[in-house]
Each structure stands twice: as C-alpha cells, then as structure tokens.
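Heads up, the sequence shown is in UniProt numbering, so the first residue is 1 and it goes up one at a time. The beta carbon of each residue, even a glycine, is placed where N, CA and C say it ideally should be. From a predicted model like this one, the values you see are computed outputs, not experimental measurements. Single-structure report; data block below.
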Amino acid sequence: MATAAASFRPLTTAAARSSSSTSFFSRRFALFHLASAVPQAQLFGIKPLQLKRMAADEVLVRSTGNIAQTSTTISQENALEWAKKDNRRLLHVVYRVGDLDKTIKFYTECLGMKLLRKRDIPEERYTNAFLGYGPEDSHFVVELTYNYGVEKYDIGTGFGHFGVAVEDVAKTVDLIKAKGGKVTREPGPVKGGKSIIAFIEDPDGYKFELLERGPTPEPLCQVMLRVGDLDRSIEFYKKAFGMDLLRKRDNPEYKLVSSNASLCMFKSDMHTYV
1 MATAAASFRP
11 LTTAAARSSS
21 STSFFSRRFA
31 LFHLASAVPQ
41 AQLFGIKPLQ
51 LKRMAADEVL
61 VRSTGNIAQT
71 STTISQENAL
81 EWAKKDNRRL
91 LHVVYRVGDL
101 DKTIKFYTEC
111 LGMKLLRKRD
121 IPEERYTNAF
131 LGYGPEDSHF
141 VVELTYNYGV
151 EKYDIGTGFG
161 HFGVAVEDVA
171 KTVDLIKAKG
181 GKVTREPGPV
191 KGGKSIIAFI
201 EDPDGYKFEL
211 LERGPTPEPL
221 CQVMLRVGDL
231 DRSIEFYKKA
241 FGMDLLRKRD
251 NPEYKLVSSN
261 ASLCMFKSDM
271 HTYV
C-alpha cells in the first residue's frame, strides 16, 4: 500500500503545469495548485496593468481550446511573492487512485463531473485524468493520478473530504447507491441546523460531502483538511496565499475547532474553501 503524500505549490507558468515528476514542483506530490495567472483578470477585480506591476514583468495570456496557458518571464524567486499579492483561486486538487477508469466512471455518472482531458506518461509509468464541472481556466478541477501497478493507497488522517453542491441530496444518494457506491451518512439536516447533507466515499475511499443547494456555477465548493495548529494554519493561508477567513466555529462535543478560509473567485457568491 502506498502513501498518498501531498503539499501546496504555486503554479507559475505553463511549463510548470506540464512538468514531469522529476522536477522541483512534482505534480504527483501536490494536493493543491494555486493559479497565478488566468485569462479572466477582470473577474477578480484586478486590472491587467496591476498584474504586470505585481510580477514586475509582462504577462502574456493565450487560450488553447478551453485550457489557459501562460507565458511569463517571472523568476522563481519572486513567484511566491507574486502569489501572495495576487488573490486568485485554487486551480486543482491532485490525488492518486488505484483504478482510474472506475473512478472516472463514478465521478461522471454519480457526481455529474465531466472528463476534461486525459494523458498517459508511459516513460514515468503514470496516467492523469482531469475532471470537473467546467473548463480548467475558470473552475476548480480534480486531477486523478494512476501510478502503474499501484492499486491501493493509505489516505492518512490529514485529508477530510471534498464538498459538492447538489440540488437534491436524496436523489443523488439514491443514484450513488444504484451504482454500487458507498454512503457513510444518509441524507438529513446537519445537527442544530436545516441544511441537508450526506456523506459518500468514492472507489478509493476519498470522502465527499453532498450539500443541498440551489444551482451554482461551481459545485465542487469545499475542501476539508485537518491541521495540528489551527491559528498557525490560518495565518499561513492568509499570508502566503491571500485567503480570507470567513468564519470559525468551536465544536466541543466533537472535540474539534473548524474554520473556513477562502480564496474569492467571485466576491459575491463563489468560493473555494479550505
């Protein structure tokens, strides 16, 4: 059984996005990628000229199909500083699976995701599949990695779950059951509230929370992580990635404290939570 290690990294160039596992920024060991350049700068309230000043270099953005590509002369040493000043969004989440086709089928048929692209790297013995609810240049995307010959991973205790917004939790759960999926919490209101939720697991044991909400442009809306020092983690995400602390709550009956930090994509109603 292999360990599903993970870490943050800023995504700075198109070359970094397509880098191999032997590079400094190894995509197979990254859980989240932070986008530092996307074509819809105006949507974030940031003017193109401001982006140039932040990077101290001219940034040229072009689009190929529905995948954003970036050409920039930004150096490695000021890449993190640029990311700190550039309030953007989490680009995608990367994790390993034991049966790529089975997982793709589960995400597309049960959770309504779309297979955006797939690539095989035989010389490095792994295959990637990118899934989500919209184009990569404007949506949070799941990047699945299948390493040849590895069928099972130890997920560990740091990862909690993903949150997916659906219009009818009960109907979605019925579909998942019909497809042979695992439901770990039946649909029902949260404790002390009215929001309807349910919990499920994908074929590899990664947990998903289904949240009953109205139509949304970004159904893949939350990521829950467990940390050893909440205040230290909050400060890290705020200072390193420019996230905002939305709320913080204490649950003494469960012996835990949780918080929601956000990188705002659209300030009104669209966030990616950590």
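Residue nearest to residue i in terms of C-alpha spacing, selected from the options
i, options, result
"L225", "K207, K194, V166, P187", "K207"
"D101", "R119, D229, F236, R247", "R119"
"E123", "N147, G192, D204, Q222", "N147"
"R89", "A129, R117, S138", "S138"
"T211", "R96, A198, A178, D99", "The amino acid occupying residue 211 in the given sequence is Leu; Thr does not appear at that position. The shortest C-alpha separation from L211 is found at A198."
"E143", "A240, P219, Y107, G193", "Y107"
"H161", "V93, R213, P252, L245", "V93"
"L91", "Q222, G98, V166", "Q222"
"R249", "I200, V97, K182, L230", "L230"
"I155", "G228, D202, G242", "D202"
"R117", "V150, N128, E109, V227", "N128"
"Y136", "R125, V150, L115, D99", "It should be noted that the sequence gives Glu, not Tyr, for residue 136. Out of R125, V150, L115, D99, L115 has the C-alpha closest to the C-alpha of E136."
"D99", "E151, T157, K239", "E151"
"E209", "L246, K239, F159", "F159"
"V141", "G149, G112, G192", "G112"
"G132", "I121, T103, K238, Y153", "T103"
"F130", "K105, G192, T184", "K105"
"K194", "F236, R213, T184", "R213"
Simplified DSSP assignment, three categories, for residue i
i, result
"R62", "For R62, the predicted model reports a pLDDT of 30, less than 50, meaning its position is unreliable; a value from the coordinates is still stated below. Looking at R62 - three-state DSSP - the assignment turns out to be strand."
"R247", "strand"
"E218", "coil"
"V223", "strand"
"D229", "coil"
"E253", "helix"
Cβ-Cβ separation, residue j to residue i (assumed contact under 8 Å), whole Å
i, j, result
"P187", "I196", "6 Å"
"P252", "V164", "So it is not a contact: roughly 28 Å between Cβ atoms."
"P215", "E167", "7 Å"
"I200", "K182", "6 Å"
"D204", "V97", "5 Å"
"T157", "Y95", "That pair is no contact at about 15 Å."
"K238", "L245", "7 Å"
"E109", "K179", "6 Å"
Residue-level contact to chain D via CB, residue i, 9 Å cutoff
i, result
"Y146", "No chain D is present in this structure, which holds just one protein chain."
### Task
For the UniProt domain "VOC" (89 to 213), list the beta strand (DSSP E) runs that are entirely contained and at least 3 residues long, ordered along the chain.
90 to 96, 114 to 121, 126 to 132, 141 to 147, 159 to 166, 182 to 189, 196 to 201, 207 to 212
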